[in-house]
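Asker: Structure provided below as structure tokens; questions to follow.
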Amino acid sequence: MPTRPNILLIVTDQQRGDALSLCGHPVLRTPNLDFIGASGTRFRRAYSEVPSCIPARHVLMSGQSPEAVGMLGFYYRNQQCPWNPEATLAGSLGDAGYETRMIGKLHLQPARRRYGFDAMELADGLGGESDYIDWLRARGVRREHEPGVLGMGSCSWLAKPHHLPEEQTYPAWVVDRALDFLRKRDPTTPFFLNLSIFSPHPPLAPSKAFFEHYDRLDLGTPAIGDWVEPYEGPAHGLNPEGGEQRVDLDALTMHRCRAGYFGLIHELDTQIGRLITALGRGLEDTLILFTSDHGEMLGDHHLFGKCEPFEGSANVPFLLRLPGSARKLPGDGSTGHLCDQPVGLQDVMPTLLDAAGIDTPASCTGKSVLPLARGETCDWRQALHGEHSGYRRYEEGFHYLVDARWKYIWRSQTGQELLFDLSKDPQERHDLSGTSDVANWRRRLAEHLVDRPEGFSDSEQLISGRPHRVFVPGSGPDIEWGDVGR
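The sequence shown: position 172 = 194 (this note's numbering), numbered continuously.
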């Protein structure tokens, strides 16, 4: 591997860890993402430590755990809480001589702060301040991009084809800008290019060809665990934006929802293929890391959206291709190196700095995954911790621990426990907390949380009902839960 490789970090928004054909998905096709994994390493136990947009991106960009970052959940005024990290991924690479560029969704505040990037072309969503929207308006597109014009919302399960041409979609714009950067960059300097694509975050409106492709297929049905309380709401569910996250959509609505979601992923994969093709021989000198900020429940366990500890929400794709790797495809009989050690978004920054020969800042809690990718024996964490404060309901706040096989979940307000054997039950259909020895997991989490100021643990026992708010005390405003969703 070159001593200072070019680095391409691709981050999608709300993509489940199993939403890759490389993972054996029965219908979804992602040949270009499969290329990254098949000629590199796929980390099957990769997780968003705090599975919602802004806090997850804090973790990724700082290399810190949620408790170190201080933001533990989603809050509509997160964007009003300026972030001033001690060290950032782009800043560390820039200080070492990398040309750094950000294109797409950064979702940090203040919005135009550089966070170490030499230049940014930002589009944090489909509304508000956005270089993508400015680009559309320059081409005569006024409001056609807005979810409301589509009759949809940014947290909606409604799905239909987008009416903009494929070349004007968000993923196409991101890749167009990336290709422009590659043409004009300084060829004597290594680059760090961070592409952050809004898809497959709702609105679920892929281009027509991608929607219609999946709308014709049998897309299966959501996984419902035997531990899930029966859903007694209306047949079409309740709008998550109205404060209820549980859903039980009719078969047609759920089918179209899944068609829209899978169509968005297939479409973004196609655009990424343009970039990989353009890199050409540059792949010999370029490291590629692909991941997502969090997943999407997509109806599993009667849930929709994010902010949950379950696989659909917390598990994310994590593909790493090192420079000079053989160009392999799943069709060649290769699925790449599969790693089951637990990794998280906090590991992205240490990994990329390690690849560039840069010391990891002391503020980072994450670890470089390069030894795992190389198949080396190393002292890796026994389990990864994640958490999220309650979003739509205060009592839904949780902590989880996950290792190469098991996941333990503890609801911090109610004390509810769940335990899943992911090696045998990847969809978390069967809770084993009542039949397996859960005491060891309870003890391990209590030890992990012993120093938390909220008082979640006395070192031997977990203590439910302690305040679990958006920010660790002293790390941000003391927000009452009733203000979270307003």
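The beta carbon of each residue, even a glycine, is placed where N, CA and C say it ideally should be.
Just curious, the alpha helix (DSSP H) that Met124 is in, first and last residue?
Answerer: Per DSSP, Met124 belongs to no alpha helix (DSSP H); it is in the beta strand (DSSP E), Glu121 to Gly126.
Asker: Where does Arg161 sit, in a helix, a strand or coil, going by DSSP?
Answerer: Looking at Arg161 - three-state DSSP - the assignment turns out to be coil, as it is neither helix nor strand.
Asker: Sort Pro73, Met142, His47 and Arg26 by Cα distance to Gln36 and report the nearest one.
Answerer: Pro73
Asker: Counting only the same chain and skipping the five closest in sequence on each side, list residues whose C-beta sits under 7 Å from that of Trp249.
Answerer: Leu440 and Asp453
Asker: Distance, Cα to Cα, Glu188 vs Leu144?
Answerer: 20 Å
Asker: How would you write the range of the alpha helix (DSSP H) that Ala377 sits in, first residue to last?
Answerer: Val370 to Ala377
Asker: Starting from Ser70, follow its DSSP beta bridges and name the residues at the other end.
Answerer: None, per the DSSP bridge assignment.
Asker: Is it right to say Ser231 is buried, meaning 16 or more other beta carbons lie within 10 angstroms of its own, or is it exposed?
Answerer: The question names Ser, yet the displayed sequence has Ala at residue 231. By the 10 Å Cβ count, Ala231 comes out exposed.
Asker: Would you give the residue range spanned by the beta strand (DSSP E) that Ala141 belongs to?
Answerer: Per DSSP, Ala141 belongs to the beta strand (DSSP E) from Ala141 to Leu144.
Asker: Quick test of your reading: Gly126 and Ser218, contact by CB under 8 Å. State the CB separation rounded to the nearest angstrom.
Answerer: Contact between Gly126 and Ser218 holds, with the beta-carbon distance rounding to 4 Å and staying under 8 Å.
Asker: In the DSSP assignment, the beta strand (DSSP E) including Pro222 goes from what residue to what residue?
Answerer: Where Pro222 is concerned, the enclosing beta strand (DSSP E) starts and stops at Phe213 to Pro222.
Asker: Have a look at Leu341 and Ile76 and give me their C-alpha separation to the nearest angstrom.
Answerer: Using only the alpha carbons, I get a separation of about 22 Å.
Asker: Measuring alpha carbon to alpha carbon, tell me which of Tyr422, Ser178, Leu50 and Lys389 ends up nearest Pro9.
Answerer: Past the boundaries of the shown model lies residue 9; the chain is included only from 23 to 508, so the question cannot be answered.
Asker: Would you kindly check if the distance between the Cβ of Asp315 and the Cβ of Ala133 is under 7 Å?
Answerer: no
Asker: Could you have a look at Gly408 and say whether DSSP puts it in helix, strand or coil?
Answerer: strand
Asker: Should the stretch 296-310 be called in touch with the stretch 363-371, which here means at least 3 C-beta pairs below 8 Å?
Answerer: no
Asker: Along the chain, where does the alpha helix (DSSP H) that runs through Trp515 open and close?
Answerer: This structure does not reach residue 515, given that the chain is present from 23 up to 508, and the question cannot be answered.
Asker: Can you give the Cα-Cα distance for Gly517 and Pro48, rounded to whole angstroms?
Answerer: In the structure displayed, the chain extends from 23 to 508; residue 517 sits before or after that span and is not available.
Asker: Mind checking Gln435: buried by the 16 CB within 10 Å criterion, or exposed?
Answerer: buried
Asker: Mind checking who Ala181 pairs with in its DSSP beta bridge?
Answerer: Leu226
Asker: Taking the straight line between their C-alpha atoms, what separation do you get for Met319 and His407?
Answerer: The straight-line gap from Cα to Cα measures roughly 20 Å.
Asker: From the DSSP output, read off the bridge partner residues of Met93.
Answerer: Phe493
Asker: Determine the DSSP secondary structure at Glu439, reduced to helix, strand or coil.
Answerer: strand
Asker: Using a Cβ distance threshold of 8 Å, determine whether the stretch 267-280 contacts the stretch 25-43, with at least three qualifying pairs required.
Answerer: no
Asker: What residues are listed by DSSP as bridge partners for Asn337?
Answerer: Asn337 pairs with Tyr69.
Asker: Rounding to the nearest angstrom, what Cα-Cα distance links Ala348 and Pro88 in this structure?
Answerer: 36 Å
Asker: Could you compute how far the alpha carbon of Phe220 sits from the alpha carbon of Ile287?
Answerer: 10 Å
Asker: Drop a sphere of 10 angstroms on the beta-carbon of Asp56, count the other beta-carbons inside from all chains shown, and report buried for 16 or more, exposed for fewer.
Answerer: buried
Asker: Can you name the start and end residues of the beta strand (DSSP E) that Leu428 belongs to?
Answerer: Per the sequence presented here, residue 428 reads as Trp, with Leu not at that position. First-last of the beta strand (DSSP E) with Trp428: Trp428 to Arg433.
Asker: Out of curiosity, what's the CA-to-CA distance linking Arg136 and Asp153?
Answerer: 15 Å
Asker: Pick out whichever of Glu234, Met142 and Asp480 has its Cα sitting closest to the Cα of Asp202.
Answerer: Taking Asp202 as reference, the option from Glu234, Met142 and Asp480 with the minimal CA-CA separation is Met142.
Asker: Near Arg433, what residues of its chain come up, given a Cβ to Cβ distance below 6 Å and the 5 sequence neighbours on each side ignored?
Answerer: Phe420
Asker: Pull up the CB-CB distance for Gln449 and Glu333, whole angstroms please, since I reckon it's below 8 Å.
Answerer: 7 Å
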